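What follows is a single structure, written as structure tokens, with notes after it.
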Amino acid sequence: MLFPLCLLPLLPLAVVGQSVSYKENSGICETTPGVNQYSGYINPEKKSNDTFFFWFFEARSEPDDKPLTLWLNGGPGCSSMIGLFTENGPCLVNNDSSSTRFNEYSWNNYTNMLYIDQPFGAGFSEGRNIDTLDDAAKYLWQGLQTWFDDKAFKKYASRDFIFATESYGAHFGPVFIQYFQSQNDKVDSGDVDGHKINVKKLLISNGKHDPMIQTNSSIAFAMDPPGYDPIITNNTLIKEVQSAFEKDCKPALDKCNDDGSDNDCNDAVKVCTRTIQVPMYGNRDPNDLRVSDDGDESEETDDDDYSDAAGATYYLKFVRGNKSKIGARGATFDQCDSGLKARFSGAGETGRSAMNQLAQIVEAGKIEVLIWVGDADIKANWVGVHEVIAQMPWSGNKTFADTKMSTLSLDGSDVGEYKVVDGTPGITFVRIFKAGHTMPAYQPKTAATVFGRFINGDAIGGSTNSSDVGDSQPGNNPDEDDGALSTTSLTSLSVLIFMSTVFTLL
Ligand SMILES: *[C@@H]1O[C@H](CO)[C@@H](O)[C@H](O)[C@H]1NC(C)=O
Ligand SMILES: *[C@@H]1O[C@H](CO)[C@@H](O)[C@H](O)[C@H]1NC(C)=O
Ligand SMILES: *[C@@H]1O[C@H](CO)[C@@H](O)[C@H](O)[C@H]1NC(C)=O
Ligand SMILES: *[C@@H]1O[C@H](CO)[C@@H](O)[C@H](O)[C@H]1NC(C)=O
Ligand SMILES: *[C@@H]1O[C@H](CO)[C@@H](O)[C@H](O)[C@H]1NC(C)=O
Ligand SMILES: *[C@@H]1O[C@H](CO)[C@@H](O)[C@H](O)[C@H]1NC(C)=O
Ligand SMILES: *[C@@H]1O[C@H](CO)[C@@H](O)[C@H](O)[C@H]1NC(C)=O
Ligand SMILES: *[C@@H]1O[C@H](CO)[C@@H](O)[C@H](O)[C@H]1NC(C)=O
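Quick look at the structure:
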């Protein structure tokens, strides 16, 4: 894999031969009259066979006035069709796996939405083997440049860019954004010919940020998941696992974190998954502690597994069957590519932390960050994600740790709680009640409301009426009656971490 890496700096940018091909208005999924959609492939470098599958939906109203949001699922190796069809896209697939229904909580109510399968090999995308975050960042940047070069999408190049991602996306988001920013600097200095990508906001949903803190927190969470009965009550087992953390897992992760080799980091993931995480899942679905494990052993080590508690797999047959209508190809479609995951693991990338990169973005204060987590997720449990933000190296970490949660109420129900560290640096953290790993699949209204407020720069908890989401209700301005709650300004960093993933998934 070193060979393509060495060649990367030589890749011509914005050259003739790059291309985007797509089906326009396939009629699949988005059915709102007048709302355009495009799905197909980006080929960032014609002389290669590397392709990114993308699906773009215009905002349902006033698309010319709305930002561009990129949604990426995690894995590494999982398709962003998971998000599109089960979490936040314009349709939901019914349990017959062939018909769809309108999703009133689709995020294209608030923004133009771009879904991309990446790295090459994920979902409908194909191409060279990628095994590092740095390479994934470079090729995705190249893919976005190619997409912005196409006449149909050129107008989005200058839009505010929202980076929204989930689970292992806690790595994609910060690492990719830092690469985009370094490319922006090169565009400014004339060293690179390309479009600057104006990343304004970052949303991380149920993120897997840091193996050390989050593996450790999985023990405390299993003993006492706030709001739920304990997952593990066997004190002998707890003691064994606590001891395994100190004796086996922590030293392995220390070795990885101390500039460890790819093997050191891969080994650390294996030992921590086996000795800590899997025992702490107990007999529960790691995606959702409210659901019993289905007894499928592969589930506990395999990222391909998604809970079907929220109807997560009905879309698979649908999207496979409608492949040609949406301009997709490839012999098979899997929601997660196990080979890709294995390559990233082999390169040590799943054992390394992405916490410091997030901290740097927060500290720089140029991007609003929102971190949210469904509170029934075991894999990326919310206590661990909260701990990551409280411990990562940024100047607001103590204020964050000391800030009390406020209740998030919508339409007469308490749907979660949140805290905001305002100003620069700043971050917004939301715990969403009764939601598993893919949070929006479980609480679509809450997800859409919080997301819409984030996009529009409104206070997350500023109104108890879910209709109060900026543009969707012209005239309402939740900022006005914000009261005791702090409002994140557009220039502050509010980090929404959708805490859906721990280490083994997405
Ligand atoms: C691209 O695919 C074609 C057809 O499968 C193959 O002949 C060609 O060698 C491939 N090119 C590269 C650069 O891999
Ligand atoms: C599908 O949903 C319908 C309506 O809610 C229900 O009656 C039916 O039993 C479900 N079928 C399956 C296979 O789950
Ligand atoms: C989203 O937009 C659609 C149509 O544009 C509308 O019917 C629906 O009510 C909106 N959803 C919300 C939550 O405002
Ligand atoms: C692990 O968590 C316990 C509390 O649950 C804490 O005392 C300990 O310092 C943590 N260890 C690490 C390495 O984070
Ligand atoms: C508790 O855990 C220990 C250690 O894993 C095990 O030997 C024992 O059988 C467990 N007890 C029960 C009641 O499951
Ligand atoms: C393709 O989508 C259409 C609806 O647009 C649906 O009726 C059909 O069942 C789908 N095909 C398959 C094979 O799922
Ligand atoms: C908070 O961040 C600072 C750097 O700004 C770091 O030195 C410190 O260790 C962090 N605090 C905790 C509790 O980790
Ligand atoms: C929320 O606001 C909408 C529009 O302003 C209004 O129609 C609705 O009655 C309100 N709902 C509640 C529960 O107050």
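According to mature numbering (1 follows the signal peptide of the UniProt record, and there is no 0), the stretch in the sequence shown is residues -17 to -1, 1 to 489, in order. Backbone N, C-alpha and C define an ideal beta-carbon position, used for all residues, glycine too. No experiment lies behind these values; they were computed from the predicted model shown.
Query	Result
Reduced DSSP secondary structure (H/G/I, E/B, other) of F136	coil
Ligand 3 heavy atom lying under 7 angstroms from the CB of R43	yes
Alpha-carbon spacing of L186 relative to A119, whole angstroms	19 angstroms
Exposure label - D174; buried when at least 16 CB within 10 Å	exposed
Contact set for N266: own chain, Cβ-Cβ below 7 angstroms, skip 5 residues either direction	S275, D276
Whole-angstrom C-beta distance between D231 and T256, which should lie under 8 angstroms	About 11 angstroms separates the two Cβ atoms, so there is no contact after all.
R436 burial status per 10 Å Cβ neighbour count (16 or more: buried)	buried
Nearest-residue set for ligand 4, Cβ under 5 angstroms from any heavy atom	N199, A203
Buried or exposed (CB count within 10 angstroms, at least 16 for buried), E70	buried
Cross-strand partners of W54 (DSSP beta bridge)	Y98, A147
Distance, K306 Cα to S9 Cα	11 angstroms
Residue ranges of each beta strand (DSSP E) within the stretch 319 to 374, 3 or longer	351 to 357
CB of A373 within 8 angstroms of CB of Q197, strictly	no
Enclosing beta strand (DSSP E) for E45 [first to last residue]	Segment: none, E45 is in no beta strand (DSSP E) and carries neither H nor E.
In DSSP terms, what G23 is bridged to	Y5, F37
Reference G348; option with closest CA among E400, G406, M388	G406
Where N78 falls, given that 16 or more other Cβ within 10 Å makes a residue buried	exposed
Closest by C-alpha distance to D358, when choosing among D212, L116, F146	D212
Nearest to F40 (by Cα), restricted to the options N56, S89, I65, D33	S89
Cβ neighbour criterion (16 or more within 10 Å) applied to P262	buried
N305: CB within 7 angstroms of a non-hydrogen atom of ligand 6	yes
Cβ neighbour criterion (16 or more within 10 Å) applied to L468	The pLDDT assigned to L468 is 29, lower than 50, so where the model puts this residue is not dependable; a value taken from the coordinates is nonetheless given after this. It counts as buried.
Residue burial classification, V3 (beta-carbon count within 10 angstroms, cutoff 16)	buried
Length of the line joining the Cα atoms of Y24 and T315	16 angstroms
Per DSSP, cross-strand counterpart(s) of L391	G399
Among K184, G304, I415, P16, the one whose alpha carbon lies nearest that of G440	K184
Per-residue DSSP class, three states only, for I202	helix
Spatially closest choice to D132 from H178, D117, K308, I113, by CA coordinates	H178
Distance between beta carbons of I145 and T52, contact taken as under 8 angstroms	4 angstroms
Distance cut-off 7 angstroms: F301 Cβ against heavy atoms of ligand 6	yes
Shell residues, 6 angstroms Cβ cut-off relative to heavy atoms of ligand 7	Q374, P376, W377, S378, N380
Cβ-heavy atom distance, D394 to ligand 8, below 7 angstroms	yes
Helix, strand or coil at A292 [DSSP, three-state]	Caution is warranted here: a pLDDT of 49 is assigned to A292, below 50, making its placement in the model unreliable, and no coordinate value can be reported.
Element boundaries [beta strand (DSSP E), containing F412]	410 to 415
Exposed unless 16 or more other CB atoms sit within 10 angstroms - verdict on R84	exposed
Helix, strand or coil at S188 according to DSSP, with G and I counted as helix	strand
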